[in-house]
Each structure stands twice: as structure tokens, then as C-alpha cells.
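Below is one structure, written out as C-alpha cells; comments come after it.
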Amino acid sequence: MFDTHLHTEFSTDSKMKIEEAIKASQKSNLGIIVTEHMDLGLKGEEKNFCFDVDEYFSEYNKYKINKVLLGIEIGLEKEHLEEARKIINNNPFDYALGSIHLVDGNDLYYKDFYKDKSKKEAFNRYLEVMFETLKKFDFVDSLGHIDYISRYAYYDDKELYYEDYYERIDEILKLISNREIAMEINTRRLDDDKAFKNLLKIYKRFNELGGKIVTIGSDSHDLKSIGKNFDKAKYIADSCNLKVVYHKNRKIYYDK
Ligand SMILES: [Zn+2]
Ligand SMILES: [Zn+2]
1 MFDTHLHTEF
11 STDSKMKIEE
21 AIKASQKSNL
31 GIIVTEHMDL
41 GLKGEEKNFC
51 FDVDEYFSEY
61 NKYKINKVLL
71 GIEIGLEKEH
81 LEEARKIINN
91 NPFDYALGSI
101 HLVDGNDLYY
111 KDFYKDKSKK
121 EAFNRYLEVM
131 FETLKKFDFV
141 DSLGHIDYIS
151 RYAYYDDKEL
161 YYEDYYERID
171 EILKLISNRE
181 IAMEINTRRL
191 DDDKAFKNLL
201 KIYKRFNELG
211 GKIVTIGSDS
221 HDLKSIGKNF
231 DKAKYIADSC
241 NLKVVYHKNR
251 KIYYDK
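If you're matching positions, the sequence shown starts at 1 in UniProt numbering and goes up one per residue.
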């Protein structure tokens with residue numbers, strides 16, 4: 001199997017060395033796809049979250065083998081659509097994971113986005129922006145962590161319940177399935193029982209709406225998270241009739 005989402009030193013928030021990530025993944029008998037952060041909306045900010053693509057390939061190409069692939073996690077930000085498209089299309093990435101980290105210029109990690117918003121308002125806006133930007137970013141291979149907001153939101157109950165947001169979630173799931181791209185099962189929150197049950201519902205619905213393929217990613221920024229909760233992710237995929245895939249040279253491969 002592949003862990004299709006992890007961050008090494010080219011990501012602003014990771015200190016993990018690629019050599020160590022490779023060793024750890026080999027121990028767990030996993031392939032990996034490195035997916036460094038590229039959030040063009042944060043370029044030049046204190047926390048930059050962008051990397052030098054030429055340097056990335058010149059330093060990491062020597063590690064590339066069948067089980068070590070080089071990807072990118074591109075921020076879905078409509079102001080930077082064309083720049084993002086160029087970066088993805090003009091470079092030899094194996095995989096482009098599209099993710100929302102910013103909404104209306106606010107990093108979802110910080111309080112600002114949530115202040116003066118009810119949970120419903122914040123979550124609806126998050127999903128609306130996800131749908132609108134994913135529609136435009138027609139060159140990504142998979143949608144990253146649909147439940148990202150549940151990591152950081154400032155509400156007592158942070159869960160993105162399918163029942164509460166089903167119309168907006170459905171339109172996103174339909175878009176992914178119509179485009180025949182993958183949806184990521186991000187394993188970060190799967191040891192939380194409430195999150196697991198809710199995400200299971202969302203992936204079940206994805207399959208009902210025609211979705212067929214998923215990628216599994218730990219979103220590791222350190223060695224101990226590589227391959228974490230993969231048994232749970234595999235359970236979700238199998239019970240929702242979804243095939244696990246990974247990408248190499250931007251093509252889909254079925255994972256075992
Ligand atoms: Zn992310
Ligand atoms: Zn990530």
C-alpha cells in the first residue's frame with residue numbers, strides 16, 4: 001500500500017528528512033508519495049507554505065523509485081488558479097493533491113475565520129469555497145481531507161456532520177465522481193470514534209453518488225504518523241465499495 005500524503009523538509013511545517021521517511025515506510029512495508037505544501041496565498045508571509053519546485057526535483061529525484069514518488073499538495077485558492085495550473089502542468093509531479101487550507105484569505109488553523117461566525121456559517125462557507133475552487137482546479141488528482149476544518153475549528157463540537165451539511169457535501173462528492181478523480185481518506189482523525197463514524201457515512205454517500213476511487217494519506221509531518229490508522233481507512237474503503245489507488249506520473253494505479 002501507499003501512504004499518499006506526507007510532508008518533509010520542503011514543507012514549512014515539517015522537519016522530517018526524506019531519508020528517514022523512506023526508512024520508516026519500508027519498515028511498515030508502505031510506498032510513499034511526498035506531497036509538499038504549496039499554498040500560493042501564503043507566499044511571502046511569515047509562514048510561507050510554498051517551496052522551490054526546481055530545488056525539490058533536483059534534490060529528491062535521486063530518491064525516486066517505484067515506491068517513493070514525488071507529489072505536491074496544492075492549496076485550492078481561486079486567486080491563484082492559473083499559477084497553480086502552470087506549476088502542476090509544467091513539472092514532473094507524480095501526483096497533485098488539491099486541498100483547502102485557506103478560506104477568504106483566512107488560514108483555517110487560526111481563530112480569525114471563525115470569530116463572528118456560527119458553526120453553521122463557517123462550515124457552510126468552507127464547503128462552498130471547496131466546491132467552487134475544486135470546480136476550477138480541474139487538474140488535481142484527488143481532493144484532500146474533506147474534514148480539514150474539524151481539526152481546528154473553534155466550536156465545542158467540531159465535526160462536519162453529513163446530516164447537517166448534506167446538500168453542500170453531496171455537490172462536492174458528485175463533482176469528484178463525475179470527474180473520475182479520487183477522494184482522499186485522510187487518516188489523521190480516524191482514531192476519533194465520532195469522526196470515524198461520520199466519515200464512513202460521507203464515503204458511503206460518495207460511492208452512492210458514483211464515486212469509485214480513493215487515496216489513503218496520513219498527512220504525516222513526523223515519522224510516527226506514517227501509515228497511522230491505515231487499517232481503519234482500508235475498512236472504510238472496503239465497506240464503501242471504493243478502490244484504493246495511488247498516482248504515478250499523474251496516472252492512476254490500483255493499490256493492493
Ligand atoms: Zn492539507
Ligand atoms: Zn498535508
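Glycine is no exception: its CB is placed at the ideal position from the N, C-alpha and C atoms.
Less than 8 Å between the beta carbons of residue 70 and residue 93, yes or no? For residue 70 and residue 93, yes; Cβs fall inside 8 Å.
Using a 10 Å radius around the Cβ and a threshold of 16 neighbouring Cβ atoms, would you call residue 238 buried or exposed? Residue 238 should be labelled exposed.
Name the DSSP bridge partner or partners of residue 35? Listed as beta-bridge partners of residue 35 by DSSP are 71.
In chain order, what residues of the same chain lie with their CB nearer than 8 Å to the CB of residue 21, ignoring the 5 residues before and after it? 6, 8, 32, 34, 220, 223, 226
I'd like to know whether the C-beta atoms of residue 135 and residue 175 end up nearer to each other than 8 Å. yes
Please report the distance separating the alpha-carbon of residue 125 from that of residue 119. 10 Å
Going by DSSP in three states, residue 80 sits in which element: helix, strand or coil? helix
Nearest candidate by alpha-carbon position, reference residue 251, set 30, 95, 113, 74: 95
Taking 8 Å as the threshold (C-beta atoms), are residue 205 and residue 162 in contact? Yes; because the gap between Cβ atoms is below 8 Å, this pair is in contact.
What residue ranges within the stretch 149-188 form continuous beta strand (DSSP E) runs of no fewer than 3 residues, ordered along the chain? Taken in chain order, the complete beta strand (DSSP E) segments of 3 or more residues contained in the stretch 149-188 are 182-186.
Count Cβ pairs between the stretch 98-108 and the stretch 55-64 that sit closer than 8 Å; are there 3 or more? no
Entirely enclosed alpha helix (DSSP H) segments - the stretch 191-232, minimum 4 residues: Correct list: 193-208.
Rounding to the nearest angstrom, what Cα-Cα distance links residue 88 and residue 145 in this structure? 20 Å
Residue 243 - DSSP class collapsed to helix/strand/coil: DSSP places residue 243 within a strand segment (E or B) once states are collapsed to three.
How would you label residue 28, buried or exposed, when you count the other beta carbons within 10 angstroms and need 16 or more for buried? exposed
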